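In this text, residue positions in the sequence shown follow full-length UniProt numbering: the first is 1, and each later residue adds one.
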Amino acid sequence: MNEELIPLQNSEDEDNGEKMGEVLSDAGCSSESWAILPVLCLTQVFKFLDEGDRRNADLVCQRWHNIMHSPSLWRSHTFHLNVRPSKYKQSEFHSSVAYVQSRGVYLERLVVLVNPPSTYSIAWRLLRTIKTIFDELTRVRASLKSISLTNLELNRPCWTSGLRNSFVIFLVSFLRTQGSKLDSVCLNGMKIGMIQGLEMLSTLAQSQKRTSHRCYISTLDLKGFFSGEVPVYRNTNMPRTLSIMKGLTHLSLSYSCLSDELLKALQPRERGWRDFIHLKTLSLWCSLNVPHGQVICGHSWESLASRCPGLKVKIAVDQILNTDRLARILLPEIPLVDFSMTTFYSPNEEWSPRPLFYVMLPQFRLTLKFLTLHLSNCSELLDNELLKLVRRCDRLEQLRVWAFLEIRTVQRLLRIRLAQRSLLNTIRVSVYSVEEDHEEQKEQLEKLLSTYRDLPPELDFFATVYPYV
1 MNEELIPLQN
11 SEDEDNGEKM
21 GEVLSDAGCS
31 SESWAILPVL
41 CLTQVFKFLD
51 EGDRRNADLV
61 CQRWHNIMHS
71 PSLWRSHTFH
81 LNVRPSKYKQ
91 SEFHSSVAYV
101 QSRGVYLERL
111 VVLVNPPSTY
121 SIAWRLLRTI
131 KTIFDELTRV
141 RASLKSISLT
151 NLELNRPCWT
161 SGLRNSFVIF
171 LVSFLRTQGS
181 KLDSVCLNGM
191 KIGMIQGLEM
201 LSTLAQSQKR
211 TSHRCYISTL
221 DLKGFFSGEV
231 PVYRNTNMPR
241 TLSIMKGLTH
251 LSLSYSCLSD
261 ELLKALQPRE
271 RGWRDFIHLK
281 TLSLWCSLNV
291 PHGQVICGHS
301 WESLASRCPG
311 LKVKIAVDQI
321 LNTDRLARIL
331 LPEIPLVDFS
341 MTTFYSPNEE
351 WSPRPLFYVM
361 LPQFRLTLKF
371 LTLHLSNCSE
381 LLDNELLKLV
391 RRCDRLEQLR
401 VWAFLEIRTV
411 QRLLRIRLAQ
421 RSLLNTIRVS
431 VYSVEEDHEE
441 QKEQLEKLLS
451 TYRDLPPELD
461 FFATVYPYV
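Here it is as structure tokens:
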């Protein structure tokens with residue numbers, strides 16, 4: 001069935017649209033290869049163009065002008081709200097609203113990217129812009145399936161209690177009316193208080209209960225949703241709320257939300273169609289400033305993994321310089337597929353990542369596929385530990401490392417890949433160097449890599465020497 005082509009002009013632009021039709025002709029499409037392309041093919045090509053290029057293509061000929069008005073080209077849109085004091089323009093508000101008024105009815109996937117405000121006036125403008133966008137989407141009855149609203153950072157001082165309350169009230173109202181249609185929600189970096197955050201999630205969960213069709217939220221990203229200092233794992237309402245969301249397959253959380261009760265709540269409870277829709281990916285993010293002292297039972301992880309076949313767990317830790325706490329996070333019962341770690345530590349700190357290499361990560365040698373390490377190991381050598389870990393991880397597919405390493409370690413990694421690890425097809429190594437050794441190490445690396453000209457085509461390999469500042 002051919003999709004109906006609908007004009008996108010505002011009502012005040014209709015006269016201009018008629019004049020446009022008089023000016024445009026098909027002369028711009030005289031090239032035979034483009035002239036014979038079916039509408040469906042051209043539509044697929046135009047989907048890859050950004051909006052600036054689409055505006056230019058709209059002026060080429062009458063045929064392209066007509067195709068450019070296909071609703072399928074406007075199913076998704078990203079609003080970049082860069083409300084910095086020196087760059088904020090009043091036109092940003094009007095252009096955002098105008099876009100929603102003219103094309104919002106076609107929107108299915110909406111992304112709002114925000115630079116966190118630094119002053120009250122910017123926060124107020126940002127609130128007004130976002131609220132108007134969502135109000136217009138409600139007015140035009142947009143069939144939204146996905147929304148992403150990121151990096152608001154409501155815990156900043158510029159967000160007064162009045163502004164914050166106004167934001168929560170309008171977003172809760174929007175989710176109450178539109179939540180039943182959504183299949184993906186991202187509220188990454190909102191940094192909201194526990195009470196208001198749980199109110200928002202409860203509204204979203206309740207809207208899912210009211211839906212008469214099986215259109216449930218499958219993807220939910222709550223990384224940094226709660227304010228950093230909030231120990232969400234102590235609140236029993238969090239597991240209760242997530243248990244209502246029947247269709248979750250991909251969930252991202254801050255580690256401060258994790259508890260035995262939450263892992264139990266994520267397990268499918270009823271037999272039937274729910275057995276075929278279970279959690280597939282659980283991503284956890286933990287940093288030094290996020291509460292992470294809770295104790296999780298290995299049995300809870302084991303039970304979740306058994307009830308959710310094929311579950312993949314991704315864990316990212318940032319500045320956790322405590323071996324005992326790392327051990328409590330990295331329990332052997334976790335079906336860990338992806339691990340990322342960033343640690344910058346001084347020689348004076350009594351901490352070493354060696355237990356991570358020798359004891360913790362080898363527990364996952366049969367499941368770990370993606371490994372990313374940022375280490376400032378300027379006072380200790382970790383080359384052998386890294387190489388042994390790579391040899392032990394049987395299913396490793398991607399390795400990304402930023403660390404102080406010897407240049408020959410890069411060569412040894414390549415040898416391991418070529419001789420033992422055919423699955424390891426992404427190797428990205430940045431060797432940190434101090435200023436006086438930088439040029440020498442760079443020359444050594446170039447000389448070494450010159451001997452490897454015929455690497456397997458499936459291998460994505462990159463190595464460089466990076467000055468450590």
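A virtual CB, placed ideally from N, CA and C, is assigned to each residue, including glycine.
A quick note: this is a predicted structure, and the numbers were derived from the prediction, not measured.
Status (buried if at least 16 other CB within 10 Å, exposed otherwise) for residue i
i	result
H292	buried
V112	buried
D221	buried
F462	exposed
V257	The sequence given here has Cys at residue 257, not Val. Buried, by the Cβ-count rule.
N377	buried
A419	exposed
T78	exposed
T160	exposed
P353	buried
S450	exposed
C297	exposed
S70	buried
Residues near residue i by beta carbon distance below 7 angstroms, same chain, minus five either side
i	result
N237	L198
V23	Any reading at V23 needs caution, since the residue's pLDDT is 44, under 50, leaving its predicted position unreliable; the model's value is listed next. There are no such residues.
R171	What sits at residue 171 in the sequence shown is Leu, not Arg. Cβ neighbours of L171 beyond the five flanking positions: M200.
S287	D318, Q319
Pair within 7 angstroms by beta-carbon distance, residue i and residue j
i	j	result
L187	F134	no
E153	K191	yes
T367	P335	yes
V465	K447	no
I416	V390	yes
L423	E458	no
D260	S306	no
R365	C393	yes
V97	T132	yes
L387	M341	no
S254	K280	no
T150	G104	no
L321	W351	yes
S184	S207	no
Start and end residues, beta strand (DSSP E) containing residue i
i	result
W74	Careful: W74 lies outside any beta strand (DSSP E) and carries neither H nor E.
P239	Premise fails: P239 lies in the alpha helix (DSSP H), 237 to 244, not in any beta strand (DSSP E).
L110	109 to 114
V45	Here V45 belongs to no beta strand (DSSP E); instead the alpha helix (DSSP H) covers 39 to 46.
A142	It is not in any beta strand (DSSP E) - A142 carries neither H nor E in the DSSP assignment.
T451	Looking at the DSSP string, T451 is not in any beta strand (DSSP E), and its letter there is neither H nor E.
T323	No beta strand (DSSP E) contains T323, which is instead part of the alpha helix (DSSP H) from 323 to 329.
D221	219 to 222
S283	281 to 287
W402	398 to 403
Assigned secondary structure, residue i (DSSP; H/G/I helix, E/B strand, else coil)
i	result
T150	strand
M68	coil
Q420	coil
I130	helix
M190	coil
V97	helix
T367	coil
K312	strand
R428	strand
Y106	helix
C257	helix
W301	helix
F357	helix
T119	coil
V410	helix
Y466	strand
D338	strand
D318	strand
Nonlocal neighbours in the same chain, by C-beta distance under 6 angstroms from residue i, ignoring five residues either side
i	result
F174	F134
T323	P355
N344	Per the sequence shown, the amino acid found at residue 344 is Phe instead of Asn. If we look at F344 and ignore the five residues flanking it on each side, its Cβ neighbours are S376.
S283	S252, K314
A316	W285, S340
Unbroken alpha helix (DSSP H) run spanning residue i, endpoints
i	result
W378	Note that residue 378 corresponds to Cys in the displayed sequence, not to Trp. Careful: C378 lies outside any alpha helix (DSSP H) and carries neither H nor E.
S252	Here S252 belongs to no alpha helix (DSSP H); instead the beta strand (DSSP E) covers 250 to 254.
H174	The identity of residue 174 in the sequence shown is Phe, whereas the question assumes His. Note, F174: alpha helix (DSSP H), 161 to 178.
D383	383 to 392
D53	51 to 57
Chain-order list of residues whose beta-carbon lies under 8 angstroms from that of residue i (same chain, five-residue window excluded)
i	result
V158	A small fix is needed here, since residue 158 is Cys in this sequence, not Val. Only P117, S118, T119, Y120, I122, A123 meet the Cβ criterion.
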